[in-house]
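Going down the list, the protein sequences come from chains A and B. Here my numbering = 1-based position in the first sequence + 1464. Here my numbering = 1-based position in the second sequence + 1464. We put the CB at the ideal spot given by N, CA and C, even for glycine.
Number of protein chains: 2
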Amino acid sequence: MIESEANSNALDVSKALRAAGLQVTAQRLAVYEAVRSMPHAIADDICQAVRGELGVISRQAVYDSLNAMSEYGIIRRIQPAGSAARYEDRVDNHHHLACRQCGEVVDINCAVGKAPCLVAEHDHGYDIDEAEVIYWGVCPTCQSISNRDD
Amino acid sequence: MIESEANSNALDVSKALRAAGLQVTAQRLAVYEAVRSMPHAIADDICQAVRGELGVISRQAVYDSLNAMSEYGIIRRIQPAGSAARYEDRVDNHHHLACRQCGEVVDINCAVGKAPCLVAEHDHGYDIDEAEVIYWGVCPTCQSISNRDD
DNA sequence: CCCAATTCTTTACACTGTCAAGAATTGGGA
DNA sequence: TCCCAATTCTTGACAGTGTAAAGAATTGGG
């Protein structure tokens, strides 16, 4: 890992945390680093990764960090059906493509331009703030495995 | 409840079950009826409702029924972030609108016509078969509660 | 450097859902 | 109608994900 890169990133996160009124802790920085290095990972994977980095961290601290940072938009939580919550450092407007077979998730830009799906046909009086879109399909790898089985 | 209506519906479900190669059981019919009468309910609610109807049913039978019927498109499962799976009898193409505060889910038609969101900008080699869209916001009831708190 | 507020650790627990084994039911065929 | 194999249901155990609560440790402003 390039030391300066990790540092500069850690600096940004520190700022973001402070801006959100959150304290800067080694646990939170490490959790953020883990999310950044393995986007779409689930909490358990992140816990493992952080333990490799810090030695020890409680499961609860990982959840607290993920929740706090999600709440303030420092990271983003996505929750595909049939999977535990996944986390990513990319917080701009984009959607996801999930494999029905292996569960892999990749980022995908919005289908029809900037944010068209935010305009629902009929809002039922709701105050809508987000359109979450998940495309479901089969990834190339799983396709080739299926073909091999034929 | 209008007896004939329930019967005719039960008949349809029986046909659908048989067409799917599934056996027709009192449990499955009751589970379907529960889903039909309370769309977007979670498994536990359905379990309660069916117990009110049949007297007893195991939790496992409810899950088996829901899974089997979902798999064959007799009902549809949706899984909003932060909630257990929800089930509905409406199986045509439509999306959902969920309240961030109370979790209520309502049906909503696709924003831009027939099924535009199915066309992802870049498919990453995936074989895409569905675009799942969930709009997130605050329902009218929760809006008024928030206003009352001010 | 100190202290209050926040965060982390530890432990317990709730909820959602699945697995496995044996009992009961369904439904096609004699 | 009865029988039997396949399917489904019941029961009990269990795994994974996430939260609650209480006390210890850390953070950061004064």
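### Task
On a CA-only basis, which of V1597/B, V1499/B and C1566/B is nearest S1547/B? Give me that one, please.
C1566/B
### Task
List the whole-angstrom C-beta distance separating Y1551/B from R1541/B, where the pair is believed to meet the contact cut-off of C-beta under 8 Å.
6 Å
#### Entry: For I1539/A and A1484/A, the rounded distance between their alpha carbons
12 Å
### Task
Take every Cβ of the segment 1603-1610 of chain A, pair it with every Cβ of the segment 1478-1497 of chain B, and state whether three or more of those distances are shorter than 8 Å.
no
#### Entry: Buried/exposed call for P1544/A, threshold 16 Cβ in 10 Å
buried
### Query
Taking the continuous beta strand (DSSP E) assigned at I1592/A, which residues delimit it?
D1591 to V1602
### Query
With 16 other CB atoms within 10 Å as the buried threshold, where does S1529/A fall?
buried
### Query
In terms of residue numbering, what span does the beta strand (DSSP E) encompassing A1562/B cover?
H1559 to C1563
### Message
For V1526/A, report the span of its alpha helix (DSSP H) as first-last.
### Response
R1523 to E1535
#### Entry: Cβ pair count under 8 Å reaching 3, the segment 1586-1600 of chain B against the segment 1592-1605 of chain A
yes
### Query
Is the distance from the Cβ of P1503/A to the Cβ of D1556/A below 9 Å?
no
### Message
Beta-carbon within less than 7 Å of V1488/B's beta-carbon, same chain only, minus the 5 sequence neighbours each way: which residues are those?
### Response
S1478, L1481 and R1482
### Task
State the start and end residues of the unbroken beta strand (DSSP E) segment that holds R1541/A.
R1540 to I1542
#### Entry: D1587/B versus V1570/A, V1499/A, H1588/A and A1532/A, residue with shortest Cα-Cα distance
V1570/A
#### Entry: Length-filtered (4 minimum) alpha helix (DSSP H) runs lying within the segment 1484-1509 of chain A
1490-1501
### Cβ of H1588/A within 9 Å of any chain B Cβ
yes
### Task
Tell me R1550/A's beta-bridge partners as DSSP assigns them.
I1506/A and I1542/A
### Message
Which same chain residues end up closer than 6 Å to Y1536/B when comparing Cβ atoms and leaving out the 5 residues on each side of it in sequence?
### Response
A1484
### Helix, strand or coil at V1520/A [DSSP, three-state]
coil
### Message
For I1466/A and R1564/B, what's the separation of their Cα atoms in angstroms?
### Response
Residue placement at I1466/A is flagged as unreliable, the pLDDT there being 41, under the threshold of 50; the coordinate-derived value follows with that caveat. Going from the Cα of I1466/A to the Cα of R1564/B covers about 40 Å.
### Task
Under 8 Å by Cβ, that's how I've got I1510/B and A1498/B pegged, so tell me the actual separation to the nearest angstrom.
5 Å
### Query
Should A1490/B go down as buried or exposed, given a rule of 16 or more other Cβ atoms within 10 Å for buried?
exposed
### Task
Per DSSP, which residues does V1569/B bridge with? Please list them.
A1562/B
### Query
Which word fits V1514/A, buried or exposed, when buried means at least 16 other C-beta atoms lie within 10 angstroms of its C-beta?
buried
### Task
Could you tell me whether the Cβ atoms of A1532/B and L1486/B are closer together than 9 Å?
yes
#### Entry: Cutoff 9 Å: N1573/B Cβ touching any chain A Cβ
yes
### Message
Contact criterion: CB-CB distance below 9 Å. Does E1596/A meet it with respect to chain B?
### Response
yes
### Query
Is Y1551/B close to chain A, meaning its C-beta is less than 9 Å from at least one C-beta of that chain?
no
### Message
Whole angstroms are fine: how far does the CA of G1516/B sit from the CA of Q1524/B?
### Response
17 Å
### Task
Return no unless some Cβ of chain B is closer than 9 Å to the Cβ of C1566/A.
no
### Query
At a Cβ threshold of 9 Å, is V1555/B touching chain A?
no
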